[in-house]
Amino acid sequence: MLEPEEIETAAGGMDSELEDYQRELLTIEAAGLLAASTLAGYHAARDRITRQMMTAAAKHAPRLRKAAARTYSQALRYSAVEDAEAARMSESVRQYHVAEARMRAEQAAEAFRAEPLAREMARSASNDMMRRATGLAVARASSGAAGYERAVASAVADLSARGVTAFTYTRVVDGIPRTVRMSADAYVRQRLLTDIKRETYESTLSAAGISGANLVAVSCTITCRDTHAPWEGRIYQLNGSGKYPNFYERTMYVYGTNPNWTEGLGGYNCNHSFRIWHPGIKRDDPLKDTGYTRHEAAEIVGRQRTLERGIRASKRQREVMRANGLDTSIVGARLRRQTAALNQLIADHPQILRREIWRERTGEAIRRAQGTEGVVHLNATAAAEVRRQAAITQAARAAKRKPYEWTNPAVSALSKPEDVARYLSSNFGIEARESFQALPLDTQRASTAGIARAAELYGEIDVTYIKAMAKNHEKIGAYTTTPGTIHIAENADDAYAVSLHEAIHAADAYKSSKMREFASTSGIRAYNIHSKKVLAAALKDMGWRSNSRGYINELTRIFGNNPMLANEYKNKHWEVIAHAIERNETGRSSEFTKAVARRFAEQWH
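Counting from 2, one number per residue, gives the positions in the sequence shown under our numbering.
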């Protein structure tokens, strides 16, 4: 039969067709949210939008059915050929076994029922649109047009990241019923994985029965759970027991009749396989000589899967937002960070990880090749909404690009890069690297003024070097610890604000190093424990909790009226603090930013 990795790969056989259909439903839903501005408008448009979704379901159902048939056929045929070889079948018997596998594939494809799945996805998307429309109506009533615009952009971003729900069910956890929504891609992959495993298992047992083979070898996997460890990687007898234990008794494998089957071989999330075995055949242990324990390997593979899911969500989000004329720069930057994190994880653990690019695909490249990427037909009202959203985004960018007019006569008088370098060294002990001195003099002066302002406000800062940001980097500024270094991009629109922001991080690092918790806090978080105390105190001053509506609205303002950015950084207290103080010192203060600036000056213990 197929190896676990081969079964996993086969289960991705419908990814492109499913993503294509899912993208069309999401685009219709996004256009519907952009097209209306009141709850009555959404209700009026619901029938039309639902019809569009059902039309899409009718169009894509045959494609899904065909993809399912192809997936089952390829997987079971390959498995049957391997079984025949392992069982040492004659040619005539081999042909019979392959024909039997073909019949199994046809039956599995028929049972897949693509049409009901496609219709359920369309109904789910339609219901989701009305649920979001109700929330948008509340946003308009409570915060006016500006709040509504932000809410629309946030809703489109969220729906495109989450994808379409295939179905919902209720699960009871600790006596409490919980509604579980399973996304379409997760459902289809799990369904295919389960079906292919079941059919290949039965095909292998059929091959053993035809050939008279009585021994099978169960595989070892990197992600084996504790309850499966006692029986993985061993030889078993299919009939009776003797030199080897009985296969069915030890692995609890009896499809459909054993109440413990979900905990046995082939149960939920089980990645084991088994194959016909003859004495002398080599058996492999994937963890042999890797230096990893089973638990360590399972945790690392789990991190890889989490990153892959995030990459797929970001790709889907980017395409749907692009199709509806919304800004994708933030999601694009997030996607680059996710991909870099995945590459780094694989580079750190090459003994057990490999890049499985098919797990990151969404079918976007196929649509691009076909000329259908982002093809969306909007009515006049929807098009107007898209243009207005684009205008809001451009205005926000323009406001952000306008440099703050700082005042520092001593810094303004610096006429050469050498003067700037001496000033930084003599006043703050900061060494200006050559790359920084190669930046435009105005950028150097503005950066120096920002650092000077941070030091004036909060005293000593943990900065040893200042240098230019690497070219083509997505950020315009950064602060790194050990040794403390501020990086400034050549294309920074407001070098004063950027350097002030990064110097706040440096002040946070210095103040954190003086706290009792510093020595017992691991990693980079140790340098941000001061800002964590500051945020808690500022929230208390305002009478807010972390989930208060006032704080959520304030976060959106702090991050340039961009709800996506606010949501991305809401759990990074050090960034919230640095952005708040930056706004407070560049003419965009609020009661909250004033509270943050005041509390940051305190030394916490």
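For each residue, glycine too, the CB sits at the ideal point set by N, CA and C.
Here the structure is a predicted model, which is why all the values come from computation and not from measurement.
Leaving out five residues on either side along the sequence, give the residues of the same chain with a beta carbon under 7 Å from the beta carbon of residue i.
i	result
Tyr405	Asp495, Tyr497, Ala498, Thr587 and Gly588
Phe248	Val217, Tyr237, Gln238, Leu239 and Tyr254
Asn409	Ala450 and Ala453
Ala508	Ala455, Tyr459 and Ile462
Leu442	Pro418
Hey, how far is the Cα of residue i from the Cα of residue j?
i	j	result
Lys541	Ile467	35 Å
Pro231	Asn272	15 Å
Ser514	Ala520	8 Å
His229	Leu566	43 Å
Arg454	Ala299	49 Å
Arg599	Glu555	17 Å
Arg338	Gln345	10 Å
Arg368	Ala112	Low confidence applies to Arg368: its pLDDT is 41, below 50, so where it sits in the model is not reliable enough to give any reading.
Ile358	Lys198	22 Å
Trp605	Ala504	19 Å
Glu518	Ala422	35 Å
Ser220	Leu343	27 Å
Lys60	Met104	27 Å
Met131	His350	45 Å
Asp290	Glu297	14 Å
Asn215	Thr222	23 Å
His506	Leu327	31 Å
Gly551	Leu194	46 Å
Arg317	His580	29 Å
Ala391	Asn562	Bear in mind that the predicted position of Ala391 carries a pLDDT of just 49, short of 50, making it unreliable; the figure below should be weighed with that in mind. Ala391 and Asn562: Cα-Cα distance of roughly 13 Å.
Ile331	Lys472	19 Å
Glu25	Ser532	44 Å
Arg133	Ser315	20 Å
His44	Ile50	10 Å
Ala447	Lys476	18 Å
Ile553	Ser591	14 Å
Can you tell me the Cβ-Cβ gap for residue i and residue j, rounded? I've got them flagged as a contact below 8 Å.
i	j	result
Arg120	Met15	About 17 Å separates the two Cβ atoms, so there is no contact after all.
Gln352	Tyr424	Gln352 to Tyr424, Cβ: 51 Å. No contact.
Glu309	Glu250	Not a contact, Cβ separation roughly 37 Å.
Thr465	Glu432	7 Å
Ala106	Tyr73	4 Å
Ala602	Tyr459	6 Å
Ala613	Ala115	Residue 613 cannot be examined here, being either before or after the span of the chain that is shown, 2 to 606.
Ala109	Asp196	5 Å
Ala102	Glu30	Actually they do not touch by this definition, with Cβ atoms about 40 Å apart.
Ala81	Val99	5 Å
Val577	Ile559	7 Å
Leu118	Leu65	7 Å
Where do the N-terminal and C-terminal ends of the beta strand (DSSP E) with residue i fall, by residue?
i	result
Gln238	Ile236 to Gln238
Leu440	Neither: Leu440 is in no beta strand (DSSP E) and is coded neither H nor E.
Leu216	Leu216 to Val219
Ile467	Tyr466 to Ala469
Thr483	Segment: none, Thr483 is in no beta strand (DSSP E) and carries neither H nor E.
Ile559	It is not in any beta strand (DSSP E) - Ile559 instead sits in the alpha helix (DSSP H) that spans Arg550 to Ile559.
For residue i, which residues from the same chain have a beta carbon less than 8 Å from its beta carbon, with the 5 sequence-adjacent residues on both sides left out?
i	result
Ala469	Arg434, Ser436, Phe437, Ala439, Leu440, His488, Ile489, Ala490 and Glu491
Gly333	Arg319
Ala146	Because Ala146 sits at a pLDDT of 49, beneath the cut-off of 50, its placement in the model cannot be relied upon, and the following sentence gives the value as read from the coordinates. Answer for Ala146: no residue qualifies.
Thr486	Val464, Thr465, Tyr466, Ile467, Lys468 and Tyr480
Leu354	Ile301, Val302, Gln305, Leu346 and Ile347
Gly267	Lys198, Arg199, Tyr202, Tyr254, Tyr256 and His273
Apart from the five residues just before and just after residue i, which ones in its own chain have a Cβ nearer than 6 Å to its Cβ?
i	result
Thr329	Arg319, Met322 and Arg323
Tyr528	Thr482, Ala510 and Ser513
Quick check on the DSSP output: the alpha helix (DSSP H) that includes residue i runs from which residue to which?
i	result
Lys571	Per DSSP, Lys571 belongs to no alpha helix (DSSP H) and is neither H nor E.
Ile331	Ser330 to Asp349
Ile282	Run containing Ile282: none; DSSP gives neither H nor E here.
His531	Ile530 to Met543
Met253	First-last for Met253: undefined, no H or E at that position.
Gln108	Glu92 to Phe113
Lys512	Ala496 to Ser514
Glu592	Glu592 to Phe601
Tyr293	Premise fails: Tyr293 is in no alpha helix (DSSP H) and is neither H nor E.
Ala422	Pro418 to Phe429
Ser413	Pro410 to Ser413
Are there any heavy atoms of the ligand MG lying less than 8 Å away from the beta-carbon of residue i, as far as the coordinates show?
i	result
Ala126	You won't find the ligand MG in this model; it holds no ligand whatsoever.
Quiz item: Does the count of Cβ pairs from the segment 570-579 and the segment 424-439 closer than 8 Å reach three?
Solution: Between the segment 570-579 and the segment 424-439 there are fewer than three C-beta pairs closer than 8 Å, too few to call the two in contact.
Quiz item: Counting pairs of beta carbons, one from the segment 579-586 and one from the segment 595-606, are three or more of them closer than 8 Å?
Solution: Flag = yes, the segment 579-586 and the segment 595-606 touch.
Self-check item: Any 3 or more C-beta pairs closer than 8 Å across the segment 15-27 and the segment 86-96
Solution: The count of Cβ pairs closer than 8 Å, one atom from the segment 15-27 and one from the segment 86-96, stays below three, leaving the stretches out of contact.
Self-check item: Segment contact, 8 Å Cβ cut-off, at least three pairs: the segment 538-553 with the segment 447-463
Solution: No: fewer than three Cβ pairs fall under 8 Å.
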